[in-house]
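**Student:** So the sequence shown is numbered by the working numbering: it starts at 100 and just counts up by one. Each residue gets a CB set at the ideal place from its N, CA and C atoms; glycine is no exception. Keep in mind that this is a model prediction, so the values were computed, not measured. Quick one: this structure, given as structure tokens, is what I'll be asking you about.
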Amino acid sequence: MKKYKLALVGATGLVGQTALTVLEEFNLPISEYKFFASARSAGKKITFMNKEYEVQELKEDSFDEGFDYAIFSAGGDTSKKFSPIAASKGCIVVDNSSAFRMDPEVPLIVPEVNMEDAFNNKGIIANPNCSTIQAVVPLKPLDDKYKIKRIVYSTYQAVSGAGHKGLADLENTSKGEKPLKFPHPIYNNCLPHIDVFLDNGYTKEEMKMVNETRKILNRPDLRITATTVRVPVQNSHSESINIEFENDFDLKEVRDILKNYPGIILQDDPETNTYPLATNASGHNEVYVGRIRRDESIPYGLNIWVVADNIRKGAATNAIQIVDELIKNNN
Ligand code: A2P
């Protein structure tokens, strides 16, 4: 069996660290790994698969030695500069940043939803925004079956989505200290403000959900609105998704479709207070779905509650699943 060479860029960050764990779990047929970060981390030691590695400073010639795959989780600026360099040297980049997501030349991939689009890559494949990834997994089979007319997203997003600094803000503001990452104390608050505000009054996070959902589901005109909220939860994003369909549906059939779809775990039993929770989803790769019920205010409306580990399925796991599928398909 062919063995591959993989680079992880941003190996010292929150997503990078989880990627190391997930790579160990997946145990892909990779014979050589290299771990990159900024000059600040050069020389730091990483223990991976019982072996010690030294973190390398990412430089323009880092990809000269030849890699098959690279996973980038080092922010948009690093991706913009280094992903095209890596791709020009024959490496396939799976990029976690938002730098290339809406580029029509770049496939935007969630393996359970549109993996076939990834095989058409030109060297860069984008990993979607964390809140979008977990949403489109249950939306895809429902769209295929009943055709979605409109989506209303309301999110409850964990501080880990803002990296190490987001976690530190939750801890520090709980002790009355000033926030360093968010504009207000996240402790005891819900902040309806993720990423920057845009001219239309939405935040960039909200418009990422709108635009990325349309691209992944290949529904460019789909009507979508979103309110994204940072909540004082360490890890795993929760989402209320209100869906209006073109066609009528049967609730039992909806449950069966979701239960049988790859990557979804159904947790929906109000009698036993069973529904997806952030604390239960953390540390897992699946998307948890529950609170499935009719929206009785419109003819063909459905409400669902969707929870996933934003650092795993929302970032590291999704990227590694993409590499896994590329390898399996000899791409
Ligand atoms: P470093 O730890 O050396 O700063 P997070 O989002 O959790 O803050 O992580 C960001 C990741 O991106 C870290 O691994 C960080 O490395 C890395 N990074 C930031 N800037 C650069 C850069 N210019 N070149 C390479 N890696 C970078």
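Kindly indicate which three-state DSSP category F166 falls into: helix, strand or coil?
**Tutor:** Numbered from 1 along the sequence shown, position 67 holds the residue referred to as residue 166. Coil at F166, not helix or strand.
**Student:** Decide yes or no for the touch test of the region 327-343 against the region 408-415: beta carbon pairs closer than 8 angstroms, at least 3 of them.
**Tutor:** They touch, by the three-pair rule.
**Student:** Check whether the Cβ atoms of T327 and L321 lie closer than 8 angstroms to each other.
**Tutor:** As a first step, residue 327 is located in the sequence shown; it is residue number 228 there, counting from the start. As a first step, residue 321 is located in the sequence shown; it is residue number 222 there, counting from the start. Cβ atoms of T327 and L321: not closer than 8 angstroms.
**Student:** With a threshold of 7 angstroms, establish whether the CB of L266 neighbours any heavy atom of the ligand A2P.
**Tutor:** Taking the sequence shown and counting its residues from 1, the one referred to as residue 266 is at position 167. Not so, every heavy atom of the ligand A2P lies at least 7 angstroms from the Cβ.
**Student:** If I'm right that I145 touches L105 with Cβ under 8 angstroms, what's the distance once you round it to whole angstroms?
**Tutor:** In the sequence shown, residue 145 corresponds to position 46, counting from 1. In the sequence shown, residue 105 corresponds to position 6, counting from 1. Contact doesn't hold; Cβ gap of about 14 angstroms is too wide.
**Student:** Measure the alpha-carbon distance for G389 versus A414 and round it to whole angstroms.
**Tutor:** As a working mapping, residue 389 is identified with position 290 in the sequence shown. As a working mapping, residue 414 is identified with position 315 in the sequence shown. Answer to the nearest angstrom: the Cα atoms are 22 angstroms apart.
**Student:** DSSP on L122, reduced to helix/strand/coil?
**Tutor:** Translated into the one-based positions of the sequence shown, residue 122 becomes position 23. Helix, per DSSP.
**Student:** Quick one: residues in its chain with C-beta nearer than 7 angstroms to the C-beta of F296, no 5 flanking neighbours on either side, listed in chain order?
**Tutor:** In the sequence shown, the residue the question calls residue 296 occupies position 197. Cβ within range, chain order: T302.
**Student:** Just to confirm the assignment, what range does the beta strand (DSSP E) spanning R322 have?
**Tutor:** Position 223 of the sequence shown, counted from the start, is the residue given in the question as residue 322. Start and end: 322-329.
**Student:** Which two residues bound the contiguous beta strand (DSSP E) that contains S339?
**Tutor:** Here residue 339 corresponds to residue number 240 of the sequence shown, with the count starting at 1. Run containing S339: 336-344, per the beta strand (DSSP E) assignment.
**Student:** Residue ranges of each alpha helix (DSSP H) run of no fewer than 4 residues wholly in the region 182-221, ordered along the chain?
**Tutor:** Qualifying alpha helix (DSSP H) stretches, in chain order: 210-217.
**Student:** So within the region 228-284, which uninterrupted beta strand (DSSP E) runs reach at least 3 residues, ignoring any that extend past its ends?
**Tutor:** Fully enclosed beta strand (DSSP E) runs of 3 or longer: 247-256.
**Student:** Give me the DSSP bridge partner(s) of Q420.
**Tutor:** As a position in the sequence shown, residue 420 is number 321, starting the count at 1. DSSP, once it has assigned bridges, lists no residue as partnering Q420.
**Student:** Per DSSP, which one or two residues make a beta bridge with D160?
**Tutor:** Position 61 of the sequence shown, counted from the start, is the residue given in the question as residue 160. Beta-bridge pairing links D160 to no other residue.
**Student:** Is the separation between the beta-carbon of G362 and that of V236 shorter than 8 angstroms?
**Tutor:** Start at 1 with the first residue of the sequence shown, and residue 362 comes out as number 263. Start at 1 with the first residue of the sequence shown, and residue 236 comes out as number 137. Their beta carbons are under 8 angstroms apart, which means G362 touches V236 by this criterion.
**Student:** Quick check on the burial criterion: 16 or more other C-beta atoms within 10 angstroms. Buried or exposed for G300?
**Tutor:** As a position in the sequence shown, residue 300 is number 201, starting the count at 1. Exposed, because fewer than 16 other Cβ atoms sit within 10 Å of the Cβ of G300.
**Student:** Taking the beta strand (DSSP E) that T146 belongs to, which residues open and close that run?
**Tutor:** For the purposes of this step, residue 146 is identified with residue 47 of the sequence shown, where counting begins at 1. Looking at the DSSP string, the run of the beta strand (DSSP E) that includes T146 is 144-147.
**Student:** Report back the beta-carbon spacing between Y399 and N346 to the nearest angstrom; my notes put them in contact at under 8 angstroms.
**Tutor:** Taking the sequence shown and counting its residues from 1, the one referred to as residue 399 is at position 300. Taking the sequence shown and counting its residues from 1, the one referred to as residue 346 is at position 247. Correct: roughly 6 angstroms between the Cβ atoms.
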